Every structure is written in structure tokens, then in C-alpha cells.
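In our numbering, the protein residues as written are 113 to 599.
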């Protein structure tokens, strides 16, 4: 006998939990099913030892959200959480050890708009990175005729602004954010607002300025167009799950969903089936939200939408003109270091690394410098540093670095001496297929499903795009859309 619920959400990542929260807030009893042993997807937390037998909770997944829209901050405040700003010292870029002729390879990032694109090459902080010749070449963009936007971010930046902007600004920023070489990133997928602004202005510099001057952006320090939650982003997941349960719903883990079909008799709606250990699960509801990753989501939707749907296991960008790439195999190494030399935050809140630099890490976050809530819980001279490894396009899974290798990378990126003997604790967190940009074809699939299948919505990063702001906004809109037509 199938359980009866007002709504069933398939997937307990942030998109699924937000959908469940909004449905619960509307009075629905919601069942959330997920195969994992914890909710939240790539938003996760755990504890680390910080000395003297003490532990502190830290994020081991997403640790901030973009503030270009208010959706995540508004949600956090609805849940009674406190939104906090990062330290304003900003982040740095690292392009390698440098040479005697070109030693400036680690520099503070200037004010930028999107993916390292500068607003004006003559600003002192930009000119310091580009040099006079690089700034002059970038300035040519303002006098160039409008050119078509290519499928490669690297080609677009080089064409409009020159190779120096690509190498010293865009490669570290885009490579750090998307775990990919800019040559493999389609601007339409990773920076649609920038492309839209360029189509209006005919200049990449003017497009960057348009976004930088948008309400809420302001003249911020690099890396500070984000915010966090007091206590860590993992508290958002805990609050969402607790609120759903308090409203009469349930977040049920360890359930692998393997079937979704329309119910034609009785009250109609949807039937969901799955397995939990040696048992089975069956639930029926008038509404269902598919919040699974791309491959399992398409496997459920394929029988409902027909043969035109992409194959569930099809490689991203393998059909039509959609050239977006898939995700990357990311290793996040968290180091707790007794290192008073880091008290001065020598590289601000962290470092973004250009592809091809002389370190394996693609980025470093000095978490205890970035977040005052974390810094206040640590003993004097103790710091938390996060290093990220793995880029899109790597042919093999990312091999986790040893502690010695991670410490050596941290020392090089931070520009200070560090030794493995200073490590008080360390974590290795694996995120396979992370940060895959949403593809237009996948967005079209989700829209088609919502249009053709009453009571069904599709949410998640593979539809919304990377980043919590995109995921939360799309999930809330999808649920609101089902209400708008009376479902």
C-alpha cells in the first residue's frame, strides 16, 4: 500500500529542501527521499580538532553564496539564521612562481565584474596586474566593432581584451570558480548576464561595468560579493530539514528512487517507488518535485517525455549546439594549522589559481581569515585553510594530495613557510561531478516537463546553474509556478 502525501520531493540537496520548505509553508505534508546518508548535497559540515581537545564545526562544501540576488539571504532570514559578510581584505590571484623579468605572479585581485573581467584597465589595482602594455591592449575593446560571442570564454576575452587579461585575471578567477580552463567554458552557460550586457553595449569592458554598477554590487573588494551564515552554510541545510519535519513532513534518507509514474485512478497524481536496504518504498502525491542530479533525473523523466530527451548518461554538450562541459572531480582538503604567521592574512581571504601554475591546487580559502564567526572560535595562532583540487576535463579522477603536498601548496600560495608538523587536523572531502554548468538543452527539458506534466517540477543545479543563488531562486520559482496553475 502506497503512503499518501501532499507532495513528494525526490532529492534532499539544497534545491529539493528549498522546494520542500516552500511546499510545507503552503500547508503541504511533504516527503523528501534521498539515497544519501545526510541531506544537503554539496552543502555539508563536520567538526575538526583545533587543539586542547576542542572541536569546531566547519563547512566542507559550499561556504558562501553570491549576493547578486537577495534570494539566499532572504531564505536564511526566513529560517531565523544570521547572514554575515566576509572579511573585506579580498582575494588574490596566482599564476605561478614567476621569473626575474616577470615576478608579479601573485597579486591582489582588482575590482572586477564577472569571472575576472575588469571594469576599467586604467584603475590602479588593475594596471598593477596587467602592466601598461596589458592595460593598453584591454582598452582597445572600447574602439572595436561588435564581434560575435564565441563558444569559448578564453577566445572571447583574448579577442576583446588581449592575452594578458586572460592569463592574469580571467584564468585564475574562472579556473577557480568553475574548476575548468576558460577555453572549455561557454560564456552563454557560465556568464549569461555578461553576454546579455555585451549584446547591448558592444564592448566587453562596458558590459563588465554594467554588471558592476548594478544595484547591490557596488565598489566591493574582490571576493566580497558573497555572504555566509553565522556558524557555517551547513546550518542552512539543518534549518530547512528541521522546518520541513516540524510541519509534518519527513526527510527520509537511504532511499534510492527508481520509479516515477502517473496515477490514472483514484485522486490521480504521481506514484514514486524506490528501495531502502532490503525493502521498498512507495508513495503517492498530487505533486512531485524531481530534485535529483542530472543522470538519475533524466532516467526518471525519459519514459514520461519521450524519445527526444537526451540519454541519461549522455556526455554534456554531446548533442546539438550545446557545448557546455560537465562537472569536475573535486577534492577539498581542509587543514587546521597552528601557524601564527597567518595571523596577518598574507593573501587576504584566499587565492585563485590559474590553470598551468606550479601548484596542483586550483584555489585556496583562508577560512579563518574570511569568516569572523570561525576566527572567534579558534585558539590564538590556529587557522583553518581549505584547498581545492581537480579541474573539468581531467581524464582521471582527482588523486587526493598527501598532507605534505597540501601543506606545500598552501605555503606557496600564501607566501609563508609552513610545515606538516603544524597540522592539528585535516579532512579530505570528495565531490565527484561538481560544478557542472547548466546547459540550455537541460533547462528546456525541465521547462518541457513542467509544461506537459501537471503537478511536476524539476529543480537543481543541472537546471538552474552552479551556485546557491541560482539553485535557490530556480527552486522557489518552480514551486511557485506549480501553485500558479492550481496544482
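Ideal Cβ placement from N, Cα and C applies to all residues, glycine included.
None of the values given here were measured: they were computed from a predicted structure.
The shortest CA-to-CA distance from residue 234 to any of 227, 228 and 242 is the one to 242. In the structure shown, residue 257 adopts coil according to DSSP, grouped into three states. Spatial neighbours of residue 176 in its own chain (CB-CB distance under 6 Å, excluding positions within 5 residues in sequence) are listed in chain order as 338 and 340. Per DSSP, the unbroken alpha helix (DSSP H) holding residue 184 starts and ends at 183-190. The three-state reading of DSSP puts residue 131 in helix, counting H, G and I together. Counting along the chain, the unbroken alpha helix (DSSP H) around residue 322 starts and ends at 316-324. Note on residue 312: under 16 other CB atoms within 10 angstroms of its CB, so exposed under the neighbour-count rule. For residue 206, DSSP records a beta bridge to 218 and 465. Beta-carbon to beta-carbon, residue 372 and residue 401 are separated by about 11 Å, too far to satisfy the 8 Å threshold. Taking each of 190, 173, 477 and 167 in turn and checking the Cα distance to residue 544, the smallest one comes out for 173. Straight-line spacing of the CA atoms in residue 268 and residue 221 works out to 20 Å. According to the DSSP secondary-structure assignment, residue 244 is paired through a beta bridge with no residue. Around residue 203, the same chain offers 221, 334, 335, 460, 461, 462, 463 and 464 as residues with beta carbons nearer than 7 Å, after the five sequence neighbours per side are excluded. Sixteen is the threshold: since fewer than 16 other Cβ atoms of the shown chains lie within 10 Å of the Cβ of residue 252, the residue is exposed. Pairing residue 485 with residue 120 gives a Cβ-Cβ distance that is not under 8 Å. Taking a cut-off of 8 Å on C-beta distances, the region 474-484 touches the region 191-199, as three or more cross pairs fall below it. The criterion of a C-beta distance shorter than 8 Å is not satisfied by residue 412 and residue 565. Under the DSSP definition of a beta bridge, residue 538 partners with 447. Around the beta-carbon of residue 188, 16 or more other beta-carbon atoms lie within 10 Å, marking it buried. Using a Cβ distance threshold of 8 Å, residue 236 and residue 281 do not count as a contacting pair. As the crow flies, the alpha-carbon of residue 318 is around 35 Å from that of residue 570.
Contact annotation: residue 440 and residue 573 have beta-carbon atoms that are not nearer than 8 Å.
Annotation: residue 321 to residue 223 spans about 10 Å, alpha carbon to alpha carbon. If you draw a straight line from the Cα of residue 363 to the Cα of residue 300, it comes to about 36 Å. Assignment of residue 544 by DSSP, reduced to helix, strand and coil, places it in the strand class.
Per DSSP, the beta-bridge partners of residue 495 are 449. A Cβ-Cβ distance of about 6 Å is found for the pair residue 122 and residue 145, placing them in contact under the 8 Å criterion.
Assignment of residue 480 by DSSP, reduced to helix, strand and coil, places it in the helix class. Residue 522 is classed as buried because its beta carbon has at least 16 other beta carbons within 10 Å across all chains shown. Cβ atoms of residue 525 and residue 206 come within 8 Å of each other, at about 6 Å.
When rounded, the separation of the alpha-carbon atoms in residue 550 and residue 560 is 16 Å. Here residue 593 carries a helix assignment [DSSP, helix/strand/coil]. For residue 456, the number of other beta carbons within 10 angstroms of its own is below 16, and it is reported as exposed. Beta-carbon to beta-carbon, residue 163 and residue 491 are separated by about 5 Å, close enough to satisfy the 8 Å threshold. Taking 8 Å as the cut-off, the beta carbon of residue 367 is found no closer than this to the beta carbon of residue 133.
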